[in-house]
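Peer 1: In terms of my numbering, the sequence shown opens at residue 314 and continues consecutively.
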Amino acid sequence: MQLTFAFFAGLSSTGALALVVPNSTALALAMSNSTALTPAGPNSTALALVMPNSTAVAPAESNSTALALVMLNSTAVAPAVPSSTVMALVMPNSTTLGFPGLNHVQSRNAKAAIDQVRAEALNRQACLAVISTALQESELQIYANPVVPASMNYPHDKVGGDQDSIGMFQQRAEFYSDVATDMSAAGSTRLFLADMKGIAGWQTMEVSALCQAVQKAQAGNLYGQRIPLAEQVCSAAGF
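#1: Classify Tyr536 as buried or exposed, calling it buried when 16 or more other Cβ atoms lie within 10 Å of its own Cβ.
#2: Excluding the five sequence neighbours on either side, which residues of its own chain have a C-beta within less than 6 Å of the C-beta of Ala439, listed in chain order?
#3: Under three-state DSSP, which class holds Tyr479?
#4: Kindly indicate the opening and closing residues of the alpha helix (DSSP H) around Gly537.
#5: So Val520 and Phe412 are in contact, right, with Cβ under 8 Å, and what is the actual spacing, rounded?
#6: With H, G and I counted as helix, E and B as strand and the rest as coil, what does DSSP make of Ala522?
#7: Which residue or residues does DSSP assign as beta-bridge partners of Ala457?
#8: Ignore the nearest five residues each way along the sequence and tell me which others in Arg539's own chain have a CB closer than 7 Å to its CB.
#9: Assign Gly551 to one of two classes, buried (16 or more other C-beta atoms within 10 Å of its C-beta) or exposed (fewer than that).
#10: How about Leu441 and Gln419: do their beta carbons lie closer than 8 Å?
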């Protein structure tokens with residue numbers, strides 16, 4: 314049985330707490346006026362390295378790794394569900410939320426999308442539809458496309474070539490002509506939600522059917538395989 318516990322707190326620290334169970338490693342290093350919390354489940358590693366005036370929470374469930382590295386005046390939350398790895402690397406004066414099962418880029422885009430869902434006062438159903446669709450269409454990444462030259466001028470995570478589809482939801486520029494909006498995680502989510510709210514009974518539809526209806530996709534059954542991860546992400550976001 315291996316049990317590793319590390320606890321370091323600087324002067325005037327709010328606290329550093331490392332909670333571990335057998336065969337796990339938890340490290341909580343907190344500088345002045347900061348908080349580090351690292352509960353580690355079985356066979357897992359949880360690390361939180363925190364600079365002054367900052368907060369890091371890195372809970373790791375079984376067989377997982379959670380890492381939160383936080384600079385000055387920042388906050389990181391990096392929850393890792395079983396058999397996953399989540400890393401939150403945060404620059405000064407910023408906040409990063411690492412979602413279960415997602416990398417940093419995906420978490421950034423998911424947060425922007427979820428913030429838009431919340432800004433429109435929508436519910437878990439909307440969150441599930443947004444995240445499931447974005448996972449299936451782009452793995453929650455923003456795609457530029459040389460067929461739409463203007464899209465190459467905006468920040469993007471990948472380059473694709475499916476007709477004139479761009480952005481996180483692979484929206485067709487022919488129909489969604491505001492490229493700036495298409496290439497924004499929040500903006501493209503707003504377009505998706507507008508289409509979704511135009512579907513009668515969307516609130517009670519089966520999620521994969523709702524995704525298919527919004528995207529007008531032929532292979533709508535593919536969205537269903539993304540729902541389990543979307544459920545974890547939306548739950549972590551408080552939906």
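C-beta atoms are modelled at their ideal positions from N, C-alpha and C, and glycine is treated no differently.
From a predicted model like this one, the values you see are computed outputs, not experimental measurements.
Peer 2: Inspection of the coordinates gives the following:
#1: Working through the sequence shown from its first residue, we reach residue 536 at position 223. The residue is buried, with at least 16 neighbouring Cβ atoms inside 10 Å.
#2: Locating residue 439 in the sequence shown gives position 126, counting from the first residue. Val430.
#3: Residue mapping note: residue 479 aligns to position 166 of the sequence shown, counting from 1. Before going on, a small fix: residue 479 reads as Ile here, not Tyr. Here Ile479 sits in strand by DSSP.
#4: Numbered from its first residue, the sequence shown carries residue 537 at position 224. Taken as a continuous stretch (DSSP letters only), the alpha helix (DSSP H) holding Gly537 covers 534-537.
#5: Mapped onto the sequence shown, residue 520 falls at position 207. Mapped onto the sequence shown, residue 412 falls at position 99. That belief does not hold up - the Cβ atoms of Val520 and Phe412 are roughly 18 Å apart, past 8 Å.
#6: On the sequence shown, position 209 is the one that residue 522 refers to. Reduced to three states, the DSSP call for Ala522 is helix.
#7: In the sequence shown, residue 457 corresponds to position 144, counting from 1. Under DSSP, the beta-bridge partners assigned to Ala457 are Val472.
#8: Here residue 539 corresponds to residue number 226 of the sequence shown, with the count starting at 1. Same-chain partners within the cutoff: Ser445, Leu448, Gln449.
#9: The residue labelled residue 551 in the question sits at position 238 within the sequence shown. Here Gly551 is exposed. Its C-beta has fewer than 16 other C-beta atoms within 10 Å.
#10: As a working mapping, residue 441 is identified with position 128 in the sequence shown. As a working mapping, residue 419 is identified with position 106 in the sequence shown. Not closer than 8 Å, so no.
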